[in-house]
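There are 2 protein chains.
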Amino acid sequence: MDGTTRWADLDTGNCSVARTAAIVGDAWTLVLLRDLFNGLRRFDDLAAHLGVARTVLSRRLAGLVDAGLVEREPYREPGRRVRHEYRLSAAGRDLLPVVLALMAWGDAHLADDDGPPVVVEHRDCGAPVHVALRCASGHDVDPRRGTVARPGPGARLRPRAVDA
Amino acid sequence: MDGTTRWADLDTGNCSVARTAAIVGDAWTLVLLRDLFNGLRRFDDLAAHLGVARTVLSRRLAGLVDAGLVEREPYREPGRRVRHEYRLSAAGRDLLPVVLALMAWGDAHLADDDGPPVVVEHRDCGAPVHVALRCASGHDVDPRRGTVARPGPGARLRPRAVDA
DNA sequence: CGGTATCCTGAAAGATACTG
DNA sequence: CAGTATCTTTCAGGATACCG
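Which chain is which? The protein sequence lines are A and B, in order. Numbering-wise, this note's numbering puts 460 at position 109 of the first sequence, and it's gapless, one number per residue. Numbering-wise, this note's numbering puts 406 at position 55 of the second sequence, and it's gapless, one number per residue.
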């Protein structure tokens, strides 16, 4: 903020956080994404592992397919009829930082004494992976106080604020 | 995964994603966090900016206070009576990567033609900040395919799976 | 087995009205 | 102004039943 514009006057209609939250901002959806990242693909596996009602899972998956995050693909095991599996699309895989950031926060603030139930490792070297903030100049950014938010090129004033 | 344990057999009861999602996995809560990160602190400012019913805002704030993410602090403007403002606790501020990851995904996949409404900059150098994955050995990790998830020290088998 | 349509119920969103 | 109690209504979760 530069002092001439207040956040309170900015429109929320095109906020990327709000738009993304409208799609994945739901507890069931987030754990569903977690399971899809972990390689679960079959409807019944997902339903059993999540402990969610199948109707709910059906709706969530349909929503994610509609949003382009999940692809429903037919497959056929030898001698069996066609089934479908659900796998993340490229756009869906791009949500990995969201899921890892949630996991990291839970590990840091809510974990049991015996440690985190899941660790994510670098495929190449096996070291644990964490979420970091980086700037375009290559600096590491302190998440606690290294960031400043500013209105971007798509910023709009709130309708009410225009004639305020 | 090492082939001997399947994700489907792991318990979800202590999953950090699920625990975190249970607190913040809600569209209103996520945009509320966004506004708190952007420095909004007063109840009415938040209510007006979010466009949410005040009863709902009241409940969300109370929940976040209960969860330790938000602190409700009294303050007094000169000549006025005591009011309260709501600001993120240290734990709440630790959620910045979650919000930035959501924002980044929305910017990449849902933005309007005129660009993102908000940009986040490095306080020290002004360059735009992005969310990155890094491993403990210092490597950059490709979010698309550089990660492998494994059961961690706190992993538990699902009760049903034990005698399966 | 792999889902979806339907229904029921509880919870949560929001409007209204009230209090310090 | 800064909230909260209360009420109504909508909506999401889940059980059941049903189809491919």
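Just so you know, even glycine gets a beta-carbon here, dropped at the ideal spot from N, CA and C.
Residue j beta carbon less than 7 Å from that of residue i
i	j	result
residue 405 (chain A)	residue 398 (chain A)	yes
residue 486 (chain B)	residue 492 (chain B)	yes
residue 467 (chain B)	residue 505 (chain A)	yes
residue 392 (chain A)	residue 422 (chain A)	no
residue 501 (chain A)	residue 470 (chain B)	yes
residue 400 (chain A)	residue 377 (chain A)	no
residue 382 (chain A)	residue 369 (chain B)	yes
residue 450 (chain A)	residue 408 (chain A)	no
residue 411 (chain A)	residue 380 (chain A)	yes
residue 488 (chain B)	residue 478 (chain A)	yes
residue 403 (chain A)	residue 472 (chain B)	no
residue 452 (chain A)	residue 452 (chain B)	yes
Backbone secondary structure at residue i - three-state DSSP
i	result
residue 500 (chain B)	strand
residue 510 (chain A)	helix
residue 487 (chain A)	coil
residue 448 (chain B)	helix
residue 515 (chain A)	The pLDDT assigned to residue 515 (chain A) is 35, lower than 50, so where the model puts this residue is not dependable, and the model offers no usable value.
residue 370 (chain B)	helix
residue 360 (chain A)	helix
residue 427 (chain A)	strand
residue 492 (chain A)	strand
residue 407 (chain B)	helix
residue 413 (chain B)	helix
residue 391 (chain B)	coil
residue 397 (chain A)	helix
residue 459 (chain A)	helix
residue 386 (chain B)	helix
residue 466 (chain A)	coil
residue 505 (chain B)	coil
residue 443 (chain B)	helix
In DSSP terms, what residue i is bridged to
i	result
residue 550 (chain A)	Because chain A in this structure spans residues 352 to 515, residue 550 (chain A) falls outside the shown range and cannot be described.
residue 438 (chain A)	A:422
residue 473 (chain A)	B:498
residue 480 (chain B)	A:486
residue 433 (chain A)	A:427
Whole-number beta carbon distance between residue j and residue i, since they are thought to touch under 8 Å
i	j	result
residue 508 (chain B)	residue 360 (chain B)	6 Å
residue 438 (chain B)	residue 424 (chain B)	7 Å
residue 482 (chain B)	residue 482 (chain A)	6 Å
residue 475 (chain A)	residue 490 (chain B)	7 Å
residue 503 (chain A)	residue 358 (chain B)	Their Cβ separation, rounded to whole angstroms, is 38 Å, which puts residue 503 (chain A) and residue 358 (chain B) out of contact at 8 Å.
Any 3 or more C-beta pairs closer than 8 Å across the segment 455-475 of chain A and the segment 442-456 of chain B: yes
Touch test, the segment 361-375 of chain B against the segment 425-441 of chain B, Cβ-Cβ under 8 Å, three pairs minimum: no
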